[in-house]
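Asks: Here the sequence shown stands for residues 5 to 381, numbered as in the numbering used here.
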Amino acid sequence: DIIEKMSRFTTYAIREISSSFLLLLILLSSILWLGQGLRHIELLTTDNVSFGSYISYILLLLPKILTITIPICLFLSVLLNINRLKNDSELIVLWAAGKSDLESLLKPILLLAFLVYFLSTILSVYVTPYSLNEIRHKIIDIRSSGIHSSILKEKKFISPVNNLTIFLQERIGNKITGLLIHDIKNPNSPQTYIAENGEFIEEDNKKILRLFNGNIQIFERNEKKISEVEFQTYDLNLAPYNKQESEHIYADELYTYQIINNLNGKQIKDLNKYEKEQFAQLHSRIANPLYIFSFALIPLIILKFSKKPGDNFLMPISVVSAIAFIFQITQITASNLLIDKSNIIFVIYFLPISFLLIIILIIFLDNFTLKRFLNVK
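1) Enumerate in chain order the residues of its own chain whose CB-to-CB distance from alanine 284 is below 6 Å, with the five nearest sequence positions on each side excluded.
2) Could you compute how far the alpha carbon of leucine 29 sits from the alpha carbon of isoleucine 362?
3) Would you give the residue range spanned by the alpha helix (DSSP H) that phenylalanine 331 belongs to?
4) From the DSSP secondary-structure annotation, give me the bridge partner or partners of glycine 218.
5) Between the C-alpha atoms of asparagine 217 and isoleucine 59, what's the straight-line distance to the nearest angstrom?
6) Classify aspartate 92 as helix, strand or coil using the three-state DSSP reduction.
7) Checking 7 Å against the spacing of the C-beta atoms, do leucine 127 and leucine 70 come in under that value?
8) Note down the Cα distance separating phenylalanine 354 from leucine 360, rounded to an integer number of angstroms.
9) What do you get for glutamine 236, buried or exposed, if any count of 16 or more other CB atoms within 10 angstroms of its CB means buried?
10) Near glutamate 138, what residues of its chain come up, given a Cβ to Cβ distance below 6 Å and the 5 sequence neighbours on each side ignored?
11) Excluding five sequence neighbours on each side, which residues of the same chain lie with their C-beta closer than 6 Å to the C-beta of leucine 183?
12) Just mark proline 191 as buried or exposed, buried being the case when its beta carbon has 16 or more other beta carbons within 10 Å.
13) At the level of alpha carbons, what is the spacing between leucine 369 and lysine 308?
14) Thinking C-beta only, is isoleucine 352 closer than 7 Å to alanine 291?
15) Beta-carbon separation of proline 293 and isoleucine 306 under 7 Å?
16) Taking the beta carbon of leucine 31 as the centre, do at least 16 other beta carbons fall within 10 Å, making it buried, or is it exposed?
17) Whether or not the stretch 12-26 and the stretch 114-125 are in contact is what I'm after, with contact meaning three or more pairs of Cβ atoms, one per stretch, closer than 8 Å; do they touch?
18) Between which residues of its own chain and isoleucine 297 is the CB-CB distance below 6 Å, once the five residues before and five after are set aside?
19) Does the Cβ of lysine 90 have 16 or more other Cβ atoms within 10 Å, making it buried, or fewer, making it exposed?
20) Report all residues from its chain with a CB closer than 7 Å to the CB of isoleucine 399; omit the five preceding and five following residues, and keep chain order.
21) Under 7 Å between the Cβ atoms of tyrosine 197 and isoleucine 220?
22) Measuring only the C-alpha atoms, how far is asparagine 226 from tyrosine 259?
23) Keeping to the same chain, check which residues put their C-beta closer than 7 Å to that of valine 324; ignore five residues upstream and five downstream.
24) Identify, in the order they occur along the chain, each residue of the same chain with its Cβ nearer than 6 Å to the Cβ of histidine 186, setting aside the five sequence neighbours on each side.
25) Do isoleucine 222 and arginine 214 have their CB atoms nearer than 7 Å?
26) Out of curiosity, what's the CA-to-CA distance linking glutamate 20 and phenylalanine 13?
27) Taking the C-alpha atoms as reference points, what is the distance between asparagine 340 and lysine 277?
28) Given a cut-off of 7 Å on the beta-carbon distance, is the pair isoleucine 264 and serine 346 in contact?
29) Hey, quick one: how far does the alpha helix (DSSP H) through isoleucine 364 stretch, first residue to last?
30) Straight-line CA distance for alanine 17 to threonine 132?
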């Protein structure tokens with residue numbers, strides 16, 4: 005009967021912690037995702053991007069955000085539920101049955117931690133590199149798609165790129181009237197185009213702004229003179245004004261199998277700077293999810309101090325929060341150090357494992373010894 009009750013409590017605890025975890029994950033990830041989405045809002049305002057393409061682009065930012073929020077949300081969900089169980093006197097039932105609250109909570113927390121660890125590993129090793137790689141390709145497509153009429157506003161000076169400014173009186177679709185263009189692609193010979201009408205067209209996969217009934221004013225800086233050329237029809241090729249994206253692929257944008265293939269058969273001492281970045285990225289993808297277990301078990305430390313609903317739990321919560329913060333900073337620092345010091349690779353795996361062992365040791369330490377050490381009554 006007691007075993008059945010414990011099993012029921014395990015299911016109950018998993019359900020409560022996981023529901024809190026999902027709620028916190030949705031809230032925190034949504035806030036960060038919204039912030040990232042607003043940072044990239046210029047894709048809608050300055051580039052030729054539809055709303056659907058913009059949404060698909062910012063959705064690809066989610067995996068990277070989740071790798072940051074998952075450990076934090078797991079820690080908070082376990083901490084909040086342990087605190088609630090204590091305040092609602094639900095742990096008293098376990099004590100009355102002669103069962104340790106620590107032992108009862110350890111099983112559901114570990115089961116949930118293993119599940120989250122498995123999902124985090126998939127996210128870190130496969131999903132996040134894929135999303136970052138897709139983002140790179142989308143950015144290249146967006147930047148190389150050229151200037152589009154959708155970014156132009158009537159009676160406003162618009163600079164779709166640094167070396168081009170466009171003003172127009174009226175636009176209906178791709179057709180434009182009252183057009184003024186200032187081109188400083190060649191700083192020594194800036195040009196100004198004035199046309200009664202214009203139209204955006206595509207020919208042979210090239211974007212062209214066709215101008216009608218106007219003139220071109222060319223200022224020769226060296227000779228300090230202005231020449232003027234009139235035209236009835238003039239095709240302005242917009243390809244030279246496309247934004248150029250760097251072709252360098254960052255280590256976090258490479259698929260895991262690509263990094264493994266690039267590093268296959270190479271010694272650490274022979275790696276160049278780019279290969280060291282890949283080496284650090286590969287091992288960080290594998291090692292960082294190991295911190296999940298530490299974040300899940302840290303909140304159990306508060307049970308060493310607070311047993312009754314009336315006990316002061318401010319100090320224990322402050323302690324475990326500080327520990328979680330230190331773990332997070334350590335994880336980031338170790339990953340960054342590995343880029344320049346590849347020979348400390350063992351530290352990347354040693355830290356999360358040692359942190360976990362220390363937490364387990366603290367959890368199972370004698371209560372009196374631990375309280376005395378932290379000076380908690």
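Just so you know, even glycine gets a beta-carbon here, dropped at the ideal spot from N, CA and C.
Replies: So, from the data block:
1) If you number the sequence shown from 1, residue 284 lands on position 280. Closer than 6 Å at the Cβ level, and outside the excluded window around alanine 284, lie Leu342 and Ile343.
2) For the purposes of this step, residue 29 is taken as residue 25 along the sequence shown, with counting starting at 1. For the purposes of this step, residue 362 is taken as residue 358 along the sequence shown, with counting starting at 1. So the two alpha carbons sit approximately 27 Å from each other.
3) In the sequence shown, residue 331 corresponds to position 327, counting from 1. Here the alpha helix (DSSP H) through phenylalanine 331 covers 318-344.
4) Your numbering for residue 218 matches position 214 in the sequence shown. Note: glycine 218 sits in a beta bridge opposite Ala199 and Phe235.
5) Here residue 217 refers to the residue found at position 213 of the sequence shown. Here residue 59 refers to the residue found at position 55 of the sequence shown. About 40 Å.
6) On the sequence shown, residue 92 is found 88 positions in, with the first residue counted as 1. Three-state result, aspartate 92: coil.
7) Here residue 127 refers to the residue found at position 123 when the sequence shown is read from its first residue. Here residue 70 refers to the residue found at position 66 when the sequence shown is read from its first residue. It is a contact, given that the beta carbons lie within the stated cut-off.
8) Walking along the sequence shown from the start, residue 354 turns up at place 350. Walking along the sequence shown from the start, residue 360 turns up at place 356. Between phenylalanine 354 and leucine 360, the C-alpha separation is close to 10 Å.
9) Taking the first residue of the sequence shown as position 1, residue 236 is located at position 232. Glutamine 236 should be labelled exposed.
10) Here residue 138 refers to the residue found at position 134 of the sequence shown. Leu64.
11) Stepping through the sequence shown from its first residue, residue 183 is reached at position 179. Closer than 6 Å at Cβ, skipping near neighbours: Leu172, Ala199 and Gly202.
12) Taking the first residue of the sequence shown as position 1, residue 191 is located at position 187. So proline 191 ends up on the exposed side.
13) Numbered from its first residue, the sequence shown carries residue 369 at position 365. Numbered from its first residue, the sequence shown carries residue 308 at position 304. Looking at the two C-alpha atoms, the distance is approximately 9 Å.
14) Counting from one through the sequence shown, the residue named residue 291 turns up at place 287. Counting from one through the sequence shown, the residue named residue 352 turns up at place 348. Cβ distance < 7 Å, so alanine 291 and isoleucine 352 count as in contact.
15) Walking along the sequence shown from the start, residue 293 turns up at place 289. Walking along the sequence shown from the start, residue 306 turns up at place 302. Going by C-beta atoms, proline 293 is not nearer than 7 Å to isoleucine 306.
16) The residue labelled residue 31 in the question sits at position 27 within the sequence shown. So leucine 31 ends up on the exposed side.
17) yes
18) Counting from 1 along the sequence shown, the entry for residue 297 is found at position 293. Checking the displayed sequence, the identity of residue 297 turns out to be phenylalanine instead of isoleucine. Counting only Cβ-Cβ distances below 6 Å, and skipping sequence neighbours, we find Ala117 and Leu360.
19) Numbered from its first residue, the sequence shown carries residue 90 at position 86. Flag for lysine 90 reads buried.
20) What is shown of the chain runs 5 to 381, which leaves residue 399 out entirely.
21) In the sequence shown, counting from the first residue as 1, residue 197 sits at position 193. In the sequence shown, counting from the first residue as 1, residue 220 sits at position 216. Yes, they are a contact pair.
22) Against the sequence shown, residue 226 aligns to sequence position 222. Against the sequence shown, residue 259 aligns to sequence position 255. Cα to Cα, asparagine 226 sits roughly 51 Å from tyrosine 259.
23) Taking the sequence shown and counting its residues from 1, one reaches residue 324 at position 320. So the qualifying residues of the chain are Leu83, Ile302, Pro303, Ile305 and Ile306.
24) On the sequence shown, position 182 is the one that residue 186 refers to. Only Thr169 and Thr196 meet the Cβ criterion.
25) One-based indexing of the sequence shown puts residue 222 at position 218. One-based indexing of the sequence shown puts residue 214 at position 210. Result no, Cβ atoms of isoleucine 222 and arginine 214 do not sit closer than 7 Å.
26) Within the sequence shown, numbered from 1, the residue matching residue 20 stands at position 16. Within the sequence shown, numbered from 1, the residue matching residue 13 stands at position 9. The straight-line gap from Cα to Cα measures roughly 10 Å.
27) Here residue 340 is taken as the residue at index 336 of the sequence shown, counted from 1. Here residue 277 is taken as the residue at index 273 of the sequence shown, counted from 1. In a straight line, the C-alpha of asparagine 340 is about 13 Å away from that of lysine 277.
28) Along the sequence shown, read from residue 1 onward, the residue named residue 264 stands at position 260. Along the sequence shown, read from residue 1 onward, the residue named residue 346 stands at position 342. Not closer than 7 Å, so no.
29) Against the sequence shown, residue 364 aligns to sequence position 360. Counting along the chain, the alpha helix (DSSP H) containing isoleucine 364 begins and ends at 349-367.
30) Sequence index remark: in the sequence shown, residue 17 carries index 13 (1-based). Sequence index remark: in the sequence shown, residue 132 carries index 128 (1-based). Looking at the two C-alpha atoms, the distance is approximately 30 Å.
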